[in-house]
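Residues 74 to 430 in this note's numbering are what the sequence shown spells out, letter by letter.
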Amino acid sequence: MTEFATLLHAYGRATDTPGHLAALASGSPAALGHLWGAIIHQGTPWTATAPAALAVAEMVGGLESPDLRAGLLEFLAAVAEAGRPYPRLTDLAPPPGFDFDAVLAAALEAGEEDDLYGDETTANALYLTAVQGCYEITPTLLTTAVESLADPAPSVRSAAAHLAAACASPSAASALAVSLDALAAQAGPDERAALVLAMGELGLSPAGYLGDAHPGVRACAALAPALAADARATAELLAALGDPAAIEFWFERRPPQFHGHLRFTLIGAVIERGVTPADLLPAALAVVPLAHVFTVRSDWGRLLVALRPDPAAQHRYLAALVDRPDLWDPRNGTVRLVFRDAGLPYDREACRALITN
74 MTEFATLLHA YGRATDTPGH LAALASGSPA ALGHLWGAII HQGTPWTATA
124 PAALAVAEMV GGLESPDLRA GLLEFLAAVA EAGRPYPRLT DLAPPPGFDF
174 DAVLAAALEA GEEDDLYGDE TTANALYLTA VQGCYEITPT LLTTAVESLA
224 DPAPSVRSAA AHLAAACASP SAASALAVSL DALAAQAGPD ERAALVLAMG
274 ELGLSPAGYL GDAHPGVRAC AALAPALAAD ARATAELLAA LGDPAAIEFW
324 FERRPPQFHG HLRFTLIGAV IERGVTPADL LPAALAVVPL AHVFTVRSDW
374 GRLLVALRPD PAAQHRYLAA LVDRPDLWDP RNGTVRLVFR DAGLPYDREA
424 CRALITN
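Put into C-alpha coordinates, the structure is as follows:
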(Lines of atoms letter the chains of each structure in order from A and count residues from 1; the text may use other names and numbers.)
(Lines give C-alpha, C1' and ligand atoms only; values in the text may rest on other atoms or scores of the structure.)
Protein backbone atom coordinates (compact mmCIF):
# COMPACT_ATOMS: atom_id res chain seq x y z
CA MET A 1 0.00 0.00 0.00
CA THR A 2 1.36 3.41 -0.95
CA GLU A 3 2.30 5.65 1.97
CA PHE A 4 1.24 8.99 0.51
CA ALA A 5 2.39 10.85 3.63
CA THR A 6 5.96 10.30 2.40
CA LEU A 7 5.16 11.77 -1.02
CA LEU A 8 4.71 15.29 -2.30
CA HIS A 9 2.27 16.98 -4.63
CA ALA A 10 2.13 20.59 -5.79
CA TYR A 11 0.86 21.85 -2.45
CA GLY A 12 2.95 19.83 -0.02
CA ARG A 13 2.59 16.38 1.50
CA ALA A 14 0.12 14.13 -0.28
CA THR A 15 -1.72 13.18 2.90
CA ASP A 16 -5.02 14.25 1.35
CA THR A 17 -4.54 12.22 -1.83
CA PRO A 18 -5.97 8.87 -0.60
CA GLY A 19 -9.24 10.56 0.31
CA HIS A 20 -9.49 12.18 -3.09
CA LEU A 21 -8.71 8.89 -4.85
CA ALA A 22 -11.47 7.19 -2.89
CA ALA A 23 -13.90 9.93 -3.93
CA LEU A 24 -13.16 9.55 -7.64
CA ALA A 25 -15.68 6.75 -8.06
CA SER A 26 -18.48 9.23 -7.43
CA GLY A 27 -17.02 11.74 -9.87
CA SER A 28 -16.26 14.22 -7.09
CA PRO A 29 -15.30 17.57 -8.65
CA ALA A 30 -12.90 18.17 -5.77
CA ALA A 31 -11.21 14.82 -6.42
CA LEU A 32 -10.84 15.56 -10.12
CA GLY A 33 -9.53 19.00 -9.29
CA HIS A 34 -6.98 17.40 -6.98
CA LEU A 35 -5.64 15.26 -9.83
CA TRP A 36 -5.27 18.19 -12.22
CA GLY A 37 -4.21 20.80 -9.68
CA ALA A 38 -2.07 18.96 -7.14
CA ILE A 39 -1.05 15.57 -8.52
CA ILE A 40 -0.02 17.05 -11.84
CA HIS A 41 0.18 20.82 -11.90
CA GLN A 42 0.29 22.52 -15.30
CA GLY A 43 2.16 19.52 -16.68
CA THR A 44 4.63 19.24 -13.81
CA PRO A 45 4.76 15.90 -11.93
CA TRP A 46 5.58 15.31 -8.27
CA THR A 47 6.63 12.25 -6.32
CA ALA A 48 2.95 11.47 -5.64
CA THR A 49 2.08 11.59 -9.33
CA ALA A 50 3.07 8.08 -10.40
CA PRO A 51 1.53 6.26 -7.40
CA ALA A 52 -1.69 8.21 -7.79
CA ALA A 53 -1.76 7.45 -11.51
CA LEU A 54 -1.39 3.73 -10.82
CA ALA A 55 -4.37 3.91 -8.48
CA VAL A 56 -6.39 5.68 -11.17
CA ALA A 57 -5.35 3.13 -13.80
CA GLU A 58 -6.51 0.31 -11.56
CA MET A 59 -9.96 1.77 -11.02
CA VAL A 60 -10.80 3.45 -14.33
CA GLY A 61 -12.23 0.43 -16.14
CA GLY A 62 -14.77 -0.24 -13.41
CA LEU A 63 -16.25 3.24 -13.20
CA GLU A 64 -19.84 3.67 -14.33
CA SER A 65 -19.68 7.08 -15.99
CA PRO A 66 -18.20 7.20 -19.52
CA ASP A 67 -17.34 10.87 -19.05
CA LEU A 68 -15.45 10.04 -15.87
CA ARG A 69 -13.60 7.16 -17.52
CA ALA A 70 -12.63 9.39 -20.43
CA GLY A 71 -11.53 12.20 -18.13
CA LEU A 72 -9.33 9.92 -16.06
CA LEU A 73 -7.71 8.46 -19.17
CA GLU A 74 -6.89 12.01 -20.23
CA PHE A 75 -5.29 12.54 -16.83
CA LEU A 76 -3.22 9.39 -17.33
CA ALA A 77 -2.13 10.68 -20.74
CA ALA A 78 -0.88 13.85 -19.05
CA VAL A 79 1.08 11.71 -16.60
CA ALA A 80 2.63 9.68 -19.42
CA GLU A 81 3.58 12.87 -21.23
CA ALA A 82 5.20 14.20 -18.06
CA GLY A 83 7.47 11.15 -18.02
CA ARG A 84 8.66 11.46 -21.60
CA PRO A 85 11.65 13.75 -20.90
CA TYR A 86 13.23 11.38 -18.36
CA PRO A 87 15.90 9.81 -20.63
CA ARG A 88 17.13 13.31 -21.55
CA LEU A 89 17.40 14.67 -18.01
CA THR A 90 20.80 13.25 -17.09
CA ASP A 91 22.06 16.75 -16.27
CA LEU A 92 19.65 16.87 -13.32
CA ALA A 93 21.09 13.75 -11.68
CA PRO A 94 22.60 14.46 -8.24
CA PRO A 95 26.34 14.01 -7.72
CA PRO A 96 27.68 10.63 -6.55
CA GLY A 97 27.07 10.06 -2.88
CA PHE A 98 24.03 12.34 -2.68
CA ASP A 99 21.29 10.38 -0.90
CA PHE A 100 18.09 12.05 -2.04
CA ASP A 101 15.86 9.60 -0.20
CA ALA A 102 17.59 10.43 3.08
CA VAL A 103 17.35 14.17 2.44
CA LEU A 104 13.65 13.85 1.61
CA ALA A 105 12.92 11.72 4.66
CA ALA A 106 14.71 14.17 6.95
CA ALA A 107 12.81 17.13 5.50
CA LEU A 108 9.48 15.37 5.92
CA GLU A 109 10.26 14.32 9.48
CA ALA A 110 11.16 17.91 10.36
CA GLY A 111 8.12 19.30 8.56
CA GLU A 112 10.41 21.34 6.34
CA GLU A 113 9.49 20.01 2.91
CA ASP A 114 9.35 23.54 1.50
CA ASP A 115 13.10 23.81 2.13
CA LEU A 116 13.68 21.10 -0.48
CA TYR A 117 13.16 23.68 -3.22
CA GLY A 118 15.74 26.09 -1.81
CA ASP A 119 18.69 23.89 -2.77
CA GLU A 120 19.27 23.41 -6.51
CA THR A 121 20.68 19.89 -6.21
CA THR A 122 17.79 18.72 -4.05
CA ALA A 123 15.15 20.45 -6.18
CA ASN A 124 16.58 18.89 -9.34
CA ALA A 125 16.68 15.46 -7.72
CA LEU A 126 13.07 15.86 -6.61
CA TYR A 127 11.94 16.76 -10.12
CA LEU A 128 14.01 13.96 -11.69
CA THR A 129 12.51 11.43 -9.28
CA ALA A 130 9.00 12.58 -10.16
CA VAL A 131 9.61 12.40 -13.91
CA GLN A 132 11.30 9.02 -13.58
CA GLY A 133 8.30 7.69 -11.70
CA CYS A 134 5.98 8.72 -14.53
CA TYR A 135 8.33 7.24 -17.11
CA GLU A 136 8.57 3.89 -15.37
CA ILE A 137 4.81 3.34 -15.13
CA THR A 138 4.11 3.90 -18.83
CA PRO A 139 3.96 0.13 -19.59
CA THR A 140 1.16 -0.20 -17.04
CA LEU A 141 -0.61 2.85 -18.43
CA LEU A 142 -0.28 1.42 -21.94
CA THR A 143 -2.02 -1.77 -20.79
CA THR A 144 -4.85 0.36 -19.40
CA ALA A 145 -5.06 2.25 -22.68
CA VAL A 146 -5.22 -0.88 -24.82
CA GLU A 147 -7.92 -2.39 -22.61
CA SER A 148 -9.92 0.84 -22.81
CA LEU A 149 -9.85 0.80 -26.61
CA ALA A 150 -12.55 -1.87 -26.26
CA ASP A 151 -14.77 0.39 -24.14
CA PRO A 152 -18.33 0.77 -25.50
CA ALA A 153 -18.21 4.59 -25.27
CA PRO A 154 -16.63 6.51 -28.19
CA SER A 155 -15.37 9.25 -25.88
CA VAL A 156 -13.53 6.68 -23.77
CA ARG A 157 -11.99 5.03 -26.82
CA SER A 158 -10.85 8.46 -28.01
CA ALA A 159 -9.15 9.16 -24.69
CA ALA A 160 -7.67 5.67 -24.69
CA ALA A 161 -6.13 6.25 -28.11
CA HIS A 162 -4.53 9.45 -26.86
CA LEU A 163 -3.17 7.64 -23.81
CA ALA A 164 -1.85 4.78 -25.94
CA ALA A 165 0.01 7.18 -28.18
CA ALA A 166 1.51 8.92 -25.15
CA CYS A 167 2.78 5.61 -23.77
CA ALA A 168 3.71 3.49 -26.76
CA SER A 169 7.26 2.83 -27.86
CA PRO A 170 8.06 2.82 -31.60
CA SER A 171 8.08 -0.97 -31.53
CA ALA A 172 4.47 -1.01 -30.34
CA ALA A 173 3.24 1.50 -32.91
CA SER A 174 2.61 -1.00 -35.70
CA ALA A 175 0.41 -3.23 -33.57
CA LEU A 176 -1.53 -0.24 -32.31
CA ALA A 177 -1.98 1.05 -35.84
CA VAL A 178 -3.99 -2.03 -36.75
CA SER A 179 -6.32 -1.50 -33.80
CA LEU A 180 -6.71 2.22 -34.44
CA ASP A 181 -7.47 1.68 -38.12
CA ALA A 182 -10.08 -0.94 -37.30
CA LEU A 183 -11.76 1.39 -34.83
CA ALA A 184 -11.63 4.33 -37.24
CA ALA A 185 -13.43 2.32 -39.90
CA GLN A 186 -16.50 2.16 -37.64
CA ALA A 187 -16.18 5.48 -35.80
CA GLY A 188 -18.02 8.77 -36.09
CA PRO A 189 -16.10 11.96 -36.90
CA ASP A 190 -15.24 12.93 -33.31
CA GLU A 191 -13.75 9.56 -32.44
CA ARG A 192 -12.19 9.09 -35.87
CA ALA A 193 -10.36 12.41 -35.53
CA ALA A 194 -8.94 11.38 -32.15
CA LEU A 195 -7.83 8.03 -33.55
CA VAL A 196 -6.14 9.70 -36.51
CA LEU A 197 -4.37 12.16 -34.21
CA ALA A 198 -3.12 9.21 -32.17
CA MET A 199 -1.74 7.63 -35.33
CA GLY A 200 0.18 10.82 -35.96
CA GLU A 201 1.47 10.90 -32.38
CA LEU A 202 2.76 7.37 -32.87
CA GLY A 203 4.84 8.52 -35.83
CA LEU A 204 2.57 6.80 -38.34
CA SER A 205 1.43 8.29 -41.64
CA PRO A 206 -2.37 8.60 -41.76
CA ALA A 207 -2.23 9.75 -45.38
CA GLY A 208 -5.31 7.75 -46.28
CA TYR A 209 -7.42 10.01 -44.07
CA LEU A 210 -6.51 13.12 -46.07
CA GLY A 211 -9.44 12.09 -48.27
CA ASP A 212 -11.90 11.65 -45.40
CA ALA A 213 -15.37 13.11 -45.87
CA HIS A 214 -15.08 15.16 -42.67
CA PRO A 215 -12.92 18.31 -42.72
CA GLY A 216 -11.89 17.85 -39.10
CA VAL A 217 -10.63 14.33 -39.73
CA ARG A 218 -8.73 15.51 -42.81
CA ALA A 219 -7.08 18.27 -40.79
CA CYS A 220 -6.18 15.87 -37.99
CA ALA A 221 -4.52 13.59 -40.52
CA ALA A 222 -2.68 16.56 -42.00
CA LEU A 223 -1.25 17.43 -38.58
CA ALA A 224 0.72 14.18 -38.41
CA PRO A 225 4.47 14.85 -38.16
CA ALA A 226 5.02 12.10 -40.73
CA LEU A 227 3.11 14.26 -43.24
CA ALA A 228 4.94 17.50 -42.45
CA ALA A 229 6.57 17.50 -45.88
CA ASP A 230 3.44 16.36 -47.73
CA ALA A 231 2.08 19.17 -49.89
CA ARG A 232 -1.44 17.71 -49.73
CA ALA A 233 -1.40 17.83 -45.94
CA THR A 234 -0.21 21.42 -45.82
CA ALA A 235 -2.80 22.42 -48.41
CA GLU A 236 -5.49 20.81 -46.26
CA LEU A 237 -4.43 22.84 -43.23
CA LEU A 238 -4.38 26.08 -45.21
CA ALA A 239 -7.81 25.30 -46.65
CA ALA A 240 -9.20 24.75 -43.17
CA LEU A 241 -7.73 28.04 -41.97
CA GLY A 242 -9.52 29.78 -44.80
CA ASP A 243 -12.62 29.55 -42.60
CA PRO A 244 -11.28 29.52 -39.04
CA ALA A 245 -14.67 30.17 -37.45
CA ALA A 246 -15.99 26.92 -38.91
CA ILE A 247 -13.13 24.98 -37.32
CA GLU A 248 -14.60 25.51 -33.88
CA PHE A 249 -17.79 23.67 -34.92
CA TRP A 250 -16.16 20.61 -36.44
CA PHE A 251 -16.69 18.39 -33.41
CA GLU A 252 -19.42 17.85 -30.87
CA ARG A 253 -16.75 16.53 -28.49
CA ARG A 254 -13.30 17.88 -29.20
CA PRO A 255 -10.54 15.24 -29.48
CA PRO A 256 -8.57 15.10 -26.22
CA GLN A 257 -5.31 15.94 -27.98
CA PHE A 258 -6.43 19.55 -28.51
CA HIS A 259 -5.98 22.21 -25.86
CA GLY A 260 -7.48 25.61 -26.54
CA HIS A 261 -9.00 26.64 -29.85
CA LEU A 262 -8.36 24.20 -32.68
CA ARG A 263 -7.17 26.96 -34.98
CA PHE A 264 -4.19 27.54 -32.69
CA THR A 265 -2.84 24.07 -33.45
CA LEU A 266 -3.40 24.42 -37.19
CA ILE A 267 -1.72 27.83 -37.29
CA GLY A 268 1.26 26.49 -35.39
CA ALA A 269 1.58 23.58 -37.80
CA VAL A 270 1.60 25.64 -41.00
CA ILE A 271 4.11 28.09 -39.52
CA GLU A 272 6.41 25.28 -38.38
CA ARG A 273 6.25 23.75 -41.85
CA GLY A 274 7.67 26.90 -43.39
CA VAL A 275 4.71 27.88 -45.55
CA THR A 276 5.66 30.90 -47.65
CA PRO A 277 4.22 34.26 -46.59
CA ALA A 278 2.32 34.47 -49.87
CA ASP A 279 0.58 31.16 -49.18
CA LEU A 280 0.07 32.01 -45.52
CA LEU A 281 -1.48 35.44 -46.11
CA PRO A 282 -5.05 34.31 -47.02
CA ALA A 283 -5.26 32.24 -43.85
CA ALA A 284 -3.85 35.11 -41.81
CA LEU A 285 -6.43 37.54 -43.16
CA ALA A 286 -9.21 35.04 -42.42
CA VAL A 287 -8.09 34.84 -38.78
CA VAL A 288 -8.28 38.61 -38.17
CA PRO A 289 -12.03 38.68 -37.31
CA LEU A 290 -11.37 36.17 -34.51
CA ALA A 291 -8.32 37.97 -33.13
CA HIS A 292 -8.22 39.08 -29.50
CA VAL A 293 -5.43 40.68 -27.50
CA PHE A 294 -5.36 37.60 -25.28
CA THR A 295 -4.71 35.24 -28.23
CA VAL A 296 -1.82 37.22 -29.71
CA ARG A 297 0.75 34.49 -29.01
CA SER A 298 -1.54 31.75 -30.26
CA ASP A 299 -2.88 33.06 -33.56
CA TRP A 300 -2.73 36.58 -34.99
CA GLY A 301 0.59 37.58 -33.44
CA ARG A 302 2.30 34.39 -34.57
CA LEU A 303 1.09 35.07 -38.09
CA LEU A 304 2.37 38.65 -37.98
CA VAL A 305 5.85 37.40 -37.09
CA ALA A 306 5.72 34.60 -39.67
CA LEU A 307 4.92 37.11 -42.43
CA ARG A 308 7.94 39.28 -41.60
CA PRO A 309 10.18 37.87 -44.39
CA ASP A 310 7.75 39.30 -46.98
CA PRO A 311 7.12 42.99 -46.13
CA ALA A 312 4.38 43.33 -48.74
CA ALA A 313 2.43 40.40 -47.32
CA GLN A 314 3.04 41.55 -43.77
CA HIS A 315 1.81 45.06 -44.55
CA ARG A 316 -1.39 43.72 -46.12
CA TYR A 317 -2.01 41.76 -42.96
CA LEU A 318 -1.05 44.71 -40.80
CA ALA A 319 -3.63 46.85 -42.60
CA ALA A 320 -6.34 44.44 -41.49
CA LEU A 321 -5.07 44.61 -37.91
CA VAL A 322 -5.03 48.42 -37.99
CA ASP A 323 -8.74 48.24 -38.78
CA ARG A 324 -9.29 46.48 -35.44
CA PRO A 325 -9.03 49.23 -32.79
CA ASP A 326 -9.55 46.76 -29.95
CA LEU A 327 -6.20 45.11 -30.71
CA TRP A 328 -4.24 48.25 -29.88
CA ASP A 329 -3.67 48.77 -26.17
CA PRO A 330 -0.38 50.51 -25.33
CA ARG A 331 -0.52 49.00 -21.83
CA ASN A 332 -0.32 45.44 -23.17
CA GLY A 333 3.31 44.38 -22.90
CA THR A 334 2.74 40.94 -24.39
CA VAL A 335 1.42 42.35 -27.66
CA ARG A 336 4.24 44.90 -27.69
CA LEU A 337 6.82 42.10 -27.52
CA VAL A 338 5.15 40.26 -30.40
CA PHE A 339 5.25 43.39 -32.54
CA ARG A 340 8.92 43.77 -31.67
CA ASP A 341 9.55 40.23 -32.91
CA ALA A 342 7.67 41.15 -36.09
CA GLY A 343 9.93 44.17 -36.59
CA LEU A 344 7.08 46.62 -36.09
CA PRO A 345 6.12 49.35 -33.63
CA TYR A 346 3.15 48.62 -31.43
CA ASP A 347 1.55 51.94 -32.30
CA ARG A 348 -1.59 52.00 -34.38
CA GLU A 349 -0.97 55.35 -36.05
CA ALA A 350 2.67 54.55 -36.74
CA CYS A 351 1.61 51.29 -38.39
CA ARG A 352 -1.10 53.09 -40.34
CA ALA A 353 1.53 55.49 -41.68
CA LEU A 354 3.83 52.58 -42.49
CA ILE A 355 1.27 50.77 -44.63
CA THR A 356 0.13 54.02 -46.25
CA ASN A 357 3.66 54.88 -47.33
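Note that CB positions come from ideal geometry on N, CA and C, so glycine has one too.
These figures come from a predicted structure and were not determined experimentally.
- Residue state for His-107 is assigned as helix, using DSSP reduced to three classes.
- Burial of Thr-338 is indicated by the presence of at least 16 other C-beta atoms within 10 angstroms of its C-beta.
- In this structure Leu-270 touches Leu-296 by the C-beta definition: roughly 7 Å separates them, less than 8 Å.
- His-332 counts as exposed, since fewer than 16 other beta carbons sit within 10 angstroms of its beta carbon.
- Under DSSP, His-82 shares a beta bridge with Gly-85.
- The alpha-carbon separation between Pro-298 and Gly-273 amounts to approximately 6 Å.
- Within the DSSP bridge table, the entry for Pro-118 names Ile-113 as partners.
- For Gln-330, no alpha helix (DSSP H) run applies, since DSSP gives it neither H nor E.
- With fewer than 16 neighbouring CB atoms inside 10 Å of its own CB, Pro-243 falls in the exposed class.
- The DSSP assignment places 243-259, 262-274 as complete runs of the alpha helix (DSSP H) inside the segment 229-294, in order along the chain (cut-off: 4 residues).
- The alpha-carbon separation between Trp-323 and Pro-158 amounts to approximately 33 Å.
- In the three-state scheme derived from DSSP, where H, G and I count as helix and E and B as strand, Asp-316 is classed as coil.
- For Leu-80 against Pro-118, the beta-carbon gap comes to about 11 Å, at or over 8 Å, which does not count as contact.
- Between Ala-155 and Cys-207, the C-beta spacing is below 7 Å.
- Closest in alpha carbon position to Ala-379, among Pro-398, Pro-212, Val-129, Leu-354, is Leu-354.
- Distance from the Cα of His-93 is smallest, within the candidate group Tyr-84, Gly-85, Leu-105, for Leu-105.
- Short of 6 Å from the beta carbon of Val-133, and not among the five residues preceding or following it, lie these beta carbons of its own chain, in chain order: Arg-142, Leu-145.
- Secondary structure of Val-369 (DSSP, three-state): coil.
- Contact check for Ala-130 against Thr-217 passes: the beta carbons are separated by less than 7 Å.
- Residue Ser-371 holds the alpha-carbon nearest to the alpha-carbon of Ile-344 among Ser-371, Glu-325, Ala-237.
- Secondary structure of Asp-164 (DSSP, three-state): helix.
- Within the same chain, no residue comes within 6 Å of Asp-399 by CB-CB distance, once the 5 residues on both sides are set aside.
- Comparing C-alpha distances from Leu-427 to each of Leu-410, Pro-384, Asp-414 shows the shortest one belongs to Pro-384.
- Contact between Pro-262 and Val-290 holds, since their C-beta atoms are separated by about 6 Å, short of 8 Å.
- Assignment of Ala-415 by DSSP, reduced to helix, strand and coil, places it in the coil class.
- By the CB criterion at 7 Å, Arg-230 and Leu-236 fall outside the cutoff.
- Rounded to whole angstroms, the separation of the alpha carbons of Glu-76 and Cys-293 is 42 Å.
- For Ala-183, the secondary structure class from DSSP, reduced to helix, strand or coil, is coil.
- Of the residues assessed, Arg-265 falls on the buried side of the cut-off, its CB having 16 or more other CB atoms within 10 angstroms.
- Between the beta-carbon of Leu-268 and that of Ala-280 there is about 15 Å, and that puts the pair past the 8 Å contact cut.
- Taking a contact as a CB-CB distance under 8 Å, the pair Phe-171 and Ala-198 counts as one, their CB atoms being some 7 Å apart.
- Counting along the chain, Val-204 sits inside the alpha helix (DSSP H) bounded by residues 193-209.
- Rounded to the nearest angstrom, the gap between the Cα atoms of Leu-277 and Leu-177 is 42 Å.
- Scanning its chain for C-beta atoms nearer than 6 Å, with the 5 sequence neighbours on each side dropped, one finds around His-107 the residues His-93, in chain order.
- Secondary structure at Phe-148: helix, using DSSP grouped into helix, strand and coil.
- For Tyr-390, the enclosing alpha helix (DSSP H) begins and ends at 384-395.
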